[in-house]
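Q: Got a structure for you, written out below as structure tokens; questions coming shortly.
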Amino acid sequence: MNAYRAKPLKYPWPPMLYLVSILTAMLAGRIAALAPIPSPNGFLLPSIGLAIGLAALTLDIWAVRTLMERQTPVLDSRCARHLVTCGPFRFSRNPIYFAYTLFTVALGLISGNSWFFVAALVSLAATRLIAIPREERHLEARFGFDYESYRRRTRRWI
């Protein structure tokens, strides 16, 4: 595959997809609320949501910091300089997208708005269809066998 032709995304779609999904879930919750999420204790699910949200934020910061330390662009619209396989990338090929998904779920648990779960699934599917195939083609063209080896030993999500 020609590394020149296999460029990364022209626009950083995933952050925008998740942002639009989150805003849509907020709006849908106001217009057409789904069944509320039952909570045996008024603070249990929001507390779990807060813990998941903090874990998502920590994972995102860890992944971004790992990329920056390796002098690789964080935005998926720029050409990768190095194949990063350390930090959270040892466990997941897409830890930032996984963090976005966890954060969206956390918002649903905190707010009690079921639309956030729909938003998380839609964003995850859209990212999987729009961004990830192009990114993987770019990394394969850029890093060849090293990327193939990394892809075989590391799961996409967890």
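Quick note, the sequence shown lines up with residues 27 to 184 if you use the numbering used here.
A virtual CB, placed ideally from N, CA and C, is assigned to each residue, including glycine.
Leaving out the 5 sequence neighbours to the left and right, which residues in its chain are closer than 7 Å to residue 176 when beta-carbon positions are compared?
A: Locating residue 176 in the sequence shown gives position 150, counting from the first residue. Excluding sequence neighbours, residue 176 sits near 109, 111.
Q: Excluding the 5 residues preceding and the 5 following residue 199 in the sequence, name in chain order all residues of the same chain whose CB lies nearer than 7 Å to its CB.
A: An answer regarding residue 199 cannot be provided, because it is not within the stretch 27 to 184 covered by the chain.
Q: Which word fits residue 117, buried or exposed, when buried means at least 16 other C-beta atoms lie within 10 angstroms of its C-beta?
A: Stepping through the sequence shown from its first residue, residue 117 is reached at position 91. When all chains shown are included, residue 117 counts as exposed.
Q: Quick one: Cα of residue 92 to Cα of residue 98, how far?
A: Mapped onto the sequence shown, residue 92 falls at position 66. Mapped onto the sequence shown, residue 98 falls at position 72. The alpha-carbon atoms of residue 92 and residue 98 are separated by roughly 9 Å.
Q: For residue 132, tell me which candidate among 154, 70, 77, 183 has the shortest Cα-Cα distance.
A: Taking the sequence shown and counting its residues from 1, one reaches residue 132 at position 106. Nearest C-alpha to residue 132: 77.
Q: Compare the beta carbon distance of residue 168 and residue 106 with 8 Å and say whether it is the shorter of the two.
A: Numbered from its first residue, the sequence shown carries residue 168 at position 142. Numbered from its first residue, the sequence shown carries residue 106 at position 80. Closer than 8 Å, so yes.
Q: What separation, rounded to the nearest whole angstrom, lies between the Cα atoms of residue 135 and residue 67?
A: Sequence index remark: in the sequence shown, residue 135 carries index 109 (1-based). Sequence index remark: in the sequence shown, residue 67 carries index 41 (1-based). One C-alpha to the other measures close to 13 Å.
Q: Helix, strand or coil for residue 183, going by three-state DSSP, please let me know.
A: Position 157 of the sequence shown, counted from the first residue, corresponds to residue 183. Residue 183: coil per DSSP, three-state reduction.
Q: Sort 126, 137, 179 by Cα distance to residue 228 and report the nearest one.
A: Past the boundaries of the shown model lies residue 228; the chain is included only from 27 to 184, so the question cannot be answered.
Q: Please return the same chain residues whose Cβ sits closer than 7 Å to the Cβ of residue 121, not counting the five positions on each side in sequence.
A: By 1-based counting over the sequence shown, the position of residue 121 is 95. Answer for residue 121: 85, 89, 114, 115, listed in chain order.
Q: Please classify residue 82: is it buried, with 16 or more other beta-carbons within 10 angstroms of its beta-carbon, or exposed?
A: For the purposes of this step, residue 82 is taken as residue 56 along the sequence shown, with counting starting at 1. Flag for residue 82 reads buried.
Q: May I ask you to report which of helix, strand or coil DSSP gives residue 69?
A: Within the sequence shown, the letter at position 43 stands for residue 69. Correct three-state label for residue 69: coil.
Q: Take residue 127 as the anchor and find which of 147, 119, 140, 141 has the nearest alpha-carbon.
A: Reading the sequence shown from its first residue, position 101 is the one you call residue 127. Among 147, 119, 140, 141, the Cα nearest to that of residue 127 is on 147.
Q: Taking 8 Å as the threshold (beta carbon to beta carbon), is residue 68 in contact with chain D?
A: Here there is only one protein chain, and chain D is not present.
Q: To the nearest angstrom, report how far apart residue 141 and residue 182 are at their CA atoms.
A: Here residue 141 refers to the residue found at position 115 when the sequence shown is read from its first residue. Here residue 182 refers to the residue found at position 156 when the sequence shown is read from its first residue. Distance between the alpha carbons of residue 141 and residue 182: 25 Å.
Q: Residue 184: which of 59, 64, 124 sits nearest, CA to CA?
A: Here residue 184 refers to the residue found at position 158 of the sequence shown. Checked all of 59, 64, 124; the closest Cα to residue 184 is 124.
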